[in-house]
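Asker: The structure is given below, and queries will be raised subsequently.
2 protein chains.
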Amino acid sequence: MEELERRIMAEGKNLGRGILKVDSFINHQIDTHLIFDAGRELARRFADAGATKVITAEISGIAPALATAHALNVPLVYARKTRPITMAGAVFVEVAPSHTKGSDVFLMVAAEFLKPDDRVLVVDDFLASGATISALARLVEHASATLVGIGTVIEKRFEGGRDDLAHLGVPIVSLAIITDMSAGKIVLE
Amino acid sequence: MEELERRIMAEGKNLGRGILKVDSFINHQIDTHLIFDAGRELARRFADAGATKVITAEISGIAPALATAHALNVPLVYARKTRPITMAGAVFVEVAPSHTKGSDVFLMVAAEFLKPDDRVLVVDDFLASGATISALARLVEHASATLVGIGTVIEKRFEGGRDDLAHLGVPIVSLAIITDMSAGKIVLE
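Which chain is which? The protein sequence lines are D and R, in order. Residue numbering for the first sequence follows my numbering, starting at 1 and increasing by one per position. Residue numbering for the second sequence follows my numbering, starting at 1001 and increasing by one per position.
Written out as structure tokens, the structure is:
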């Protein structure tokens, strides 16, 4: 996506250690135009996947996943990291080691919202190490639902997540791919 | 909003102590149709407010606020409850006592995303005690920006938040208003 790549180069900041600051348009302030364009583009790329549901992880996955679910005309489920008091029944739980927080993160989805006949598209803002997306894919597996694809807004290819997710055997689409952030650089594919 | 009220009566569960479970369509699984209809309706009600930005609090405010910002064609800013490593510069901070968590919640917005010339619409999924919305309004004040209105999807009127927010002097719009949840009831206005 050309506009997305333009914004990454114009506003993105390389904070070192692979950390990309894009909080002026992706994950604190959100450019609604851009995020809905991204959602439409992910929906177009997965138009034939027959998704019945989009799943993401709170917090920063919600916006791009909602835009994608809107374009696909299906519900969105966002996995919770802490159990809200309204989450009372059976729950699927997975653990993702968090690179940025330095500790494990729980991901929980109420069992009633992931069913064996669901065809699930995973959407997140970033594909980095793939740990969060991998945990979301395991949640889909726990529900005996079918994973149909993985879509992300920005991929940091140099972190190797794409390789770690290859065994899932589904298409992986990222709208902007960064191949190198060493020495203060931001290099797009 | 008739469809919203219908869903609350059909799927909402009164868990006691004023806690309403609507996680099948509002805040875990999201009915994208319904949430975008809600966003369009809030945008319509605030069409003349001249909002330049929508602000909400993570987590469950993000979906309705994004739908509203999309309909108003303005950016969304969601206040963070924990400081992400990408939040490096000056920050506006407020504290909201959390009714459901029993402890205080910090709300942080990077100063660069709230400016004195911004006209800000606060959107959240719930208006209950008004503590979160009040903290968001104080963030707008810290930035010397102008608060133009408050929009929520579901109001629990019996918790008194509307009265506590009246001093702000801006229109408060809720798309569904619950007047009574005593004795297991869910009573709509």
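For glycine and all other residues, C-beta sits at the position ideal for the given N, C-alpha and C.
To the nearest angstrom, how far is it from the Cα of Ala1038(R) to the Cα of Arg1045(R)?
Answerer: Reading the second sequence from its first residue, position 38 is the one you call residue 1038(R). Reading the second sequence from its first residue, position 45 is the one you call residue 1045(R). So the alpha carbons of these two residues sit roughly 11 Å apart.
Asker: Hey, is Pro75(D)'s beta-carbon within less than 8 Å of any beta-carbon in chain R?
Answerer: Your numbering for residue 75(D) matches position 75 in the first sequence. Closer than 8 Å to some Cβ of chain R, the Cβ of Pro75(D) qualifies, so yes.
Asker: Can you grab the Cα-Cα spacing for the pair Val91(D) / Ala131(D), in whole Å?
Answerer: Your numbering for residue 91(D) matches position 91 in the first sequence. Your numbering for residue 131(D) matches position 131 in the first sequence. Each residue's alpha carbon lies about 20 Å from the other.
Asker: Hey, Val109(D) and Ala96(D): beta-carbon distance below 8 Å or not?
Answerer: Residue 109(D) sits at position 109 when you count from the first residue of the first sequence. Residue 96(D) sits at position 96 when you count from the first residue of the first sequence. Contact: no.
Asker: Taking 8 Å as the cut-off, decide whether the C-beta atoms of Leu1072(R) and Val1054(R) are in contact.
Answerer: By one-based count along the second sequence, residue 1072(R) stands at place 72. By one-based count along the second sequence, residue 1054(R) stands at place 54. In this structure, Val1054(R) lies closer than 8 Å to Leu1072(R) by Cβ.
Asker: Could you give the C-beta distance for Ile150(D) and Val170(D), rounded to a whole number, given that I count them as a contact under 8 Å?
Answerer: To locate residue 150(D), count along the first sequence from 1; it is residue 150. To locate residue 170(D), count along the first sequence from 1; it is residue 170. So it is a contact: roughly 6 Å between Cβ atoms.
Asker: Under the rule that 16 or more other beta-carbon atoms within 10 Å means buried, what is Glu1041(R), buried or exposed?
Answerer: As a working mapping, residue 1041(R) is identified with position 41 in the second sequence. Burial call: buried.
Asker: Can you tell me which of Asp1023(R), Glu1112(R) and Phe1126(R) puts its alpha carbon nearest to the alpha carbon of Gly1161(R)?
Answerer: Taking the first residue of the second sequence as position 1, residue 1161(R) is located at position 161. Checking every option, the nearest Cα to that of Gly1161(R) belongs to Phe1126(R).
Asker: Can you check DSSP and say which residues form a bridge with Pro97(D)?
Answerer: Translated into positions along the first sequence, residue 97(D) becomes position 97. Pro97(D) pairs with Asp104(D).
Asker: How should His1167(R) be labelled, buried or exposed, when 16 other C-beta atoms within 10 angstroms of its C-beta is the threshold for buried?
Answerer: Walking along the second sequence from the start, residue 1167(R) turns up at place 167. Result: exposed.
Asker: Say whether chain D places a C-beta atom closer than 8 Å to the C-beta of Thr1032(R).
Answerer: Taking the first residue of the second sequence as 1, we reach residue 1032(R) at position 32. Yes, its Cβ sits closer than 8 Å to a Cβ of chain D.
Asker: Beta-carbon of Thr1052(R) versus every beta-carbon of chain D: anything under 8 Å?
Answerer: Position 52 of the second sequence, counted from the start, is the residue given in the question as residue 1052(R). Thr1052(R) does not count as touching chain D.
Asker: Let me know the secondary structure DSSP gives Asp164(D) once reduced to three states.
Answerer: For the purposes of this step, residue 164(D) is taken as residue 164 along the first sequence, with counting starting at 1. Helix.
Asker: How big is the Cα-Cα spacing for Phe158(D) and Lys185(D)?
Answerer: For the purposes of this step, residue 158(D) is taken as residue 158 along the first sequence, with counting starting at 1. For the purposes of this step, residue 185(D) is taken as residue 185 along the first sequence, with counting starting at 1. Cα to Cα, Phe158(D) sits roughly 13 Å from Lys185(D).
Asker: For His70(D), would you say it is in contact with chain R, using Cβ-to-Cβ distances shorter than 8 Å as the test?
Answerer: Mapped onto the first sequence, residue 70(D) falls at position 70. By this cut-off, His70(D) is an interface position.
Asker: What residues in its chain sit with their C-beta under 8 Å from that of Met181(D), if we drop five residues either side in the sequence?
Answerer: As a working note, residue 181(D) is residue 181 in the first sequence. Only Asn14, Gly18, Leu20, Lys156, Phe158 and Val187 meet the Cβ criterion.
Asker: Mind pulling the chain R residues with CB within less than 8 Å of Lys21(D)?
Answerer: Mapped onto the first sequence, residue 21(D) falls at position 21. Per Cβ cutoff of 8 Å: Thr1086 and Ala1088.
Asker: Cβ of Thr68(D) within 8 Å of Cβ of Ala43(D)?
Answerer: Stepping through the first sequence from its first residue, residue 68(D) is reached at position 68. Stepping through the first sequence from its first residue, residue 43(D) is reached at position 43. Going by C-beta atoms, Thr68(D) is nearer than 8 Å to Ala43(D).
Asker: Hey, how far is the Cα of Glu1011(R) from the Cα of Asp117(D)?
Answerer: Taking the second sequence and counting its residues from 1, one reaches residue 1011(R) at position 11. Taking the first sequence and counting its residues from 1, one reaches residue 117(D) at position 117. Glu1011(R) and Asp117(D): Cα-Cα distance of roughly 21 Å.
Asker: Measure the beta-carbon distance from Val1122(R) to Ala1137(R) and round it to whole angstroms, keeping in mind my assumption that it falls under 8 Å.
Answerer: Walking along the second sequence from the start, residue 1122(R) turns up at place 122. Walking along the second sequence from the start, residue 1137(R) turns up at place 137. Correct: roughly 6 Å between the Cβ atoms.
Asker: Rounded to the nearest angstrom, how far is the Cβ of Glu1058(R) from that of Tyr1078(R), given a contact under 8 Å?
Answerer: For the purposes of this step, residue 1058(R) is taken as residue 58 along the second sequence, with counting starting at 1. For the purposes of this step, residue 1078(R) is taken as residue 78 along the second sequence, with counting starting at 1. Right, the Cβ-Cβ distance comes to about 5 Å (below 8 Å), so this counts as a contact.
Asker: Does the beta carbon of Ile1008(R) come closer than 8 Å to any beta carbon on chain D?
Answerer: Here the question's residue 1008(R) lines up with position 8 in the second sequence. No, because no Cβ of chain D sits closer than 8 Å to the Cβ of Ile1008(R).
Asker: Against Ala110(D), what residues of chain R qualify as contacts under a CB-to-CB distance less than 9 Å, listed in chain order?
Answerer: Locating residue 110(D) in the first sequence gives position 110, where the first residue counts as 1. Result: Asp1023, Ser1024, His1028 and Gln1029.
Asker: I'd like the list of long-range same chain contacts for Val1173(R), defined as Cβ closer than 6 Å, with 5 residues on each side in sequence excluded.
Answerer: Counting from 1 along the second sequence, the entry for residue 1173(R) is found at position 173. Cβ within range, chain order: Arg1045 and Gly1151.
Asker: Who are the neighbours of Leu1015(R) on chain D, taking C-beta pairs under 9 Å?
Answerer: Walking along the second sequence from the start, residue 1015(R) turns up at place 15. Those within 9 Å of Leu1015(R) in chain D are Ile85, Thr86 and Ala88.
Asker: For a test of the three-state rule: what should DSSP assign to Phe46(D), helix, strand or coil?
Answerer: Counted from its first residue, the first sequence places residue 46(D) at position 46. Phe46(D): coil per DSSP, three-state reduction.
Asker: For the segment 157 to 187 of chain D, list every residue whose C-beta sits within 7 Å of some C-beta in chain R, in sequence order.
Answerer: Listed by position along the chain: nothing, the set is empty.
Asker: Residues in the same chain with beta-carbon distance under 7 Å from Leu165(D), minus the five sequence neighbours each way, listed in chain order, please.
Answerer: Along the first sequence, read from residue 1 onward, the residue named residue 165(D) stands at position 165. Around Leu165(D): Gly130, Ile133, Ser134, Ile150 and Ile172.
Asker: Leaving out five residues before and five after Asn27(D) in sequence, what residues of the same chain have Cβ atoms less than 7 Å from its Cβ?
Answerer: In the first sequence, residue 27(D) corresponds to position 27, counting from 1. Excluding residues within five positions, the ones whose Cβ falls inside 7 Å are Ser60 and Asp125.
Asker: Use the C-beta contact count for Thr179(D): other C-beta atoms within 10 angstroms, 16 or more gives buried, fewer gives exposed.
Answerer: As a position in the first sequence, residue 179(D) is number 179, starting the count at 1. By the neighbour-count rule (16 or more Cβ atoms within 10 Å), Thr179(D) is not buried but exposed.
Asker: Could you give the DSSP three-state label for Thr190(D): helix, strand or coil?
Answerer: Past the edges of chain D, shown from 1 to 189, lies residue 190(D), and the structure says nothing about it.
Asker: Is it right to say Arg80(D) is buried, meaning 16 or more other beta carbons lie within 10 angstroms of its own, or is it exposed?
Answerer: Mapped onto the first sequence, residue 80(D) falls at position 80. Per the 10 Å Cβ criterion, buried.
Asker: So with Cβ pairs under 8 Å, would you call Phe1113(R) a contact of chain D?
Answerer: The count along the second sequence starts at 1 and reaches residue 1113(R) at position 113. It does: the Cβ of Phe1113(R) has a partner Cβ on chain D nearer than 8 Å.
Asker: Leaving out five residues before and five after Val1120(R) in sequence, what residues of the same chain have Cβ atoms less than 6 Å from its Cβ?
Answerer: If you number the second sequence from 1, residue 1120(R) lands on position 120. Within the same chain, Val1120(R) has close Cβ partners Lys1053, Ile1055, Val1140, Ala1145 and Leu1147.
Asker: Taking 8 Å as the CB-CB limit, is Ile1062(R) close to chain D?
Answerer: For this step, residue 1062(R) is matched to residue 62 along the second sequence. Chain D contact via Cβ: present.
Asker: Assign Arg6(D) to one of three DSSP states: helix, strand, or coil.
Answerer: In the first sequence, residue 6(D) corresponds to position 6, counting from 1. Residue state, collapsed to three classes: helix.
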